[in-house]
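Data block below; observations after.
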Amino acid sequence: MDLAFTPEEQSFREEVRAWVRANLPQDTAHKVRHSLRLTRDDLQGWAKILGKKGWLGYGWPRQFGGPGWSAVQKHLFEEECALACAPRIVPFGPVMVAPVIMAYGSPEQQQRFLPGIASGEVWWSQGYSEPGSGSDLASLKTRAERAGDKYIVNGQKTWTTLGQYGDWIFCLVRTSTEGKPQTGISFLLIDMKSPGVTVRPIRLLDGECEVNEVFFDNVEVPAQNLIGEENKGWTYAKHLLSHERTNIADVNRAKRELERLKRIARAEGIWEDTRFRDEIARLEVDVVALEMLVLRVLSAEKSGKNPLDIAGLLKIKGSEIQQRYSELMMLAAGPFSLPFIEEAMEAGWQGDFPGGAVDNAPLAATYFNMRKTTIYGGSNEVQRNIVAQTVLG
Ligand SMILES: Cc1cc2nc3c(=O)[nH]c(=O)nc-3n(C[C@H](O)[C@H](O)[C@H](O)COP(=O)(O)OP(=O)(O)OC[C@H]3O[C@@H](n4cnc5c(N)ncnc54)[C@H](O)[C@@H]3O)c2cc1C
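With this note's numbering, letter number 244 in the sequence shown gets 260, and the count goes up by one each step, no holes.
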């Protein structure tokens, strides 16, 4: 296993770094650096800038308009974006549904949907989970009945991240109740502006509405929006989930947040406490270990081995690290991390903040928000079951 970057890879990194620094809007970077509220325009604005450069679909092959980067180049790009405080690329379009459309969509579907994803113009949402069907996803009940050249869709999705902005949603729908639950599921692309689609926000612990319920009431969907074959959606869904779990590990963001934690600890004086520094050191070791794991995946990909076997492991460790740094930030700031002042999430907020350091402002919000990481993308308990079966044997 060779973990060192080649001179070509190093110069690629320099190129990406220079471009990101020159093109990332500074007000957006400021918000990311301090975990402030990002608007739709912040997220989509950056996506469109990347789209113009041809880098929003940074994992795509050239055949579909991507840059055709190697696994290492993709990693370096992600790292440079994170360290420059770029917002995370909203993954539902470029990282999740696009690979499914490339692998299983028809040429017409590829021509119709991929350009809007690559440019950042069209916002996609993920419609998998339902009330009662999260971990047990195959039990999903949203029904799509074929009527001539369309499907009539009825049912409900839930926890739909940023669904309030969605133009389109890719959904798992039930098209058959015969046989095993997995064999009656299809993968359908639905225009969220269709009559009968209702999006209702869910307010979370941090006061934000990051997730939604989406209701389908006799929604007419052209049959040409079906990906691949009817009742084969489970296979396509699994293809997508492995991309989601690798993406969720987010080791580069962890590296950035680790530095923020150190800044807060220094500003609050707790840096002098050796026990607290032990905690930071322990977290740093975990972050470095996760990075090594990611680099091993990259190295395996270079040598042609299947890297997705350990996607579950990456998800478990990455999400635990995200929760840990948010906990340590709270501990470092002590009483100054509370109460949670919602207005402090706005960039430029000048309110009176007892802790002083701007780094502290929305700590409680970040802490609450990070509770999600061990649940979404498949809960960590379920991931452990999968790792036990597929990796440990
Ligand atoms: C912030 C957030 C954003 C999300 N975004 C999206 C999205 O955009 N689109 C989407 O489709 N979904 C989304 N989800 C849904 C997410 O995928 C589910 O919440 C997740 O799969 C868990 O399902 P559940 O919530 O129904 O919990 P349940 O499946 O009911 O699980 C409840 C508890 O039981 C445990 N458990 C369940 N089964 C087992 C088992 N076999 N062995 C051991 N323990 C088990 C779980 O680990 C969990 O602790 C999001 C969730 C969150 C929190």
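Note that CB positions come from ideal geometry on N, CA and C, so glycine has one too. Remember, predicted model here, so these are calculated numbers, not experimental data.
Judged by DSSP secondary structure, C97 falls within the alpha helix (DSSP H) whose first and last residues are 87-99. Here E273 has Y341 as same chain residues with Cβ atoms under 7 Å from its own Cβ, once five neighbours each way along the sequence are excluded.
Contact between L306 and A270 holds, with the beta-carbon distance rounding to 7 Å and staying under 8 Å. Shown here for Q172: same chain residues with a beta carbon closer than 8 Å to its own, the five before and five after excluded, namely E146, P147, T158, E229, V230, F231, F232 in chain order.
If you check the CB distance, I117 and Q126 come in under 8 Å. Judged by DSSP secondary structure, R159 falls within the beta strand (DSSP E) whose first and last residues are 159-163. Put simply, of I65, L178, Y120 the residue whose alpha carbon is nearest the alpha carbon of E246 is Y120. Relative to the non-hydrogen atoms of ligand 1, the Cβ of Y181 never comes closer than 7 Å to any of them. Under the three-state reduction of DSSP output, I337 falls in the helix class. Taking one beta carbon from each stretch, the segment 104-118 and the segment 59-79 have 3 or more pairs nearer than 8 Å; the two touch. The beta carbon of I133 lies closer than 6 Å to those of G109, P110, A114 in the same chain, with the five residues before and after it left out. Between the alpha carbons of H46 and R282 lies a gap of roughly 20 Å. In the three-state DSSP reduction, L256 falls in the helix class (H, G or I).
In the structure shown, the three-state DSSP call for G73 is coil. Under the three-state reduction of DSSP, F384 is assigned to helix.
Scanning its chain for C-beta atoms nearer than 7 Å, with the 5 sequence neighbours on each side dropped, one finds around P197 the residues A154, S155, in chain order. Of the candidates T193, G200, L40, F93, the residue whose Cα lies closest to the Cα of N268 is F93. Of the heavy atoms belonging to ligand 1, at least one sits nearer than 7 Å to the Cβ of S395. Taken from the Cβ of K173, at least one heavy atom of ligand 1 lies inside 7 Å. Within the segment 205-231, no run of alpha helix (DSSP H) at least 4 residues long lies entirely inside it.
Per DSSP, W35 is one residue of the alpha helix (DSSP H) stretching across 23-39. Its Cα nearest to that of K388, the residue S335 stands out among M345, S335, N401, S353.
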